[in-house]
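Visitor:
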Amino acid sequence: MKIKSIVCISMLALGAGLMTPLAQVQAATYVGVQIGQPPPPRYEVVPPSRAGYVWAPGYWRWNGRRHVWVGGSWMRARPGYRYVPPRWERGPRGDWRMRPYRWDR
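Residue numbers for the sequence shown follow numbering that gives the first Met the number 0, so the first one is 0 and each next one is one higher.
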């Protein structure tokens, strides 16, 4: 009975350890949408600049059924990094893929 418990606990711990890398890989994926091109960006009035912040322009987000506009907002600046806004790209199979925003050095 004691050996069964040790084996079960060991298998659970091993299984949990193998799941962690999978979750990290999935976080880096992006959405491929089998629909037409996203609408053109909307015109936004950019508010006056704020010290220590960078303006993140609005973009079209896919909600599972249609594109939804996400308005621009201020993001706290990261010293030594450049903000790269999200964008839609045409995939190799003709689908549209959303590249999320990122910070480049």
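Where a beta carbon is used, it is the ideal one built from N, C-alpha and C, also for glycine.
(1) The beta strand (DSSP E) spanning Asp-106 covers which residue range?
(2) Would you kindly work out how many angstroms separate the C-alpha atoms of Trp-87 and Trp-95, rounded to a whole number?
(3) Where does Trp-59 land, buried or exposed, given buried means 16+ other C-beta within 10 angstroms?
(4) Verify whether the separation of the beta carbon atoms of Gly-79 and Arg-49 is less than 8 Å.
(5) Starting from Val-45, trace the beta strand (DSSP E) both ways and give me its first and last residue.
Guide: Taking the definition as stated:
(1) This structure cannot settle anything about residue 106, because the visible part of the chain is limited to 0 through 104.
(2) Here the C-alpha atom of Trp-87 lies approximately 6 Å from the C-alpha atom of Trp-95.
(3) Trp-59 is buried by the Cβ-count criterion.
(4) Taking C-beta atoms as the reference points, Gly-79 and Arg-49 fail to come closer than 8 Å.
(5) No beta strand (DSSP E) holds Val-45; DSSP gives it neither H nor E.
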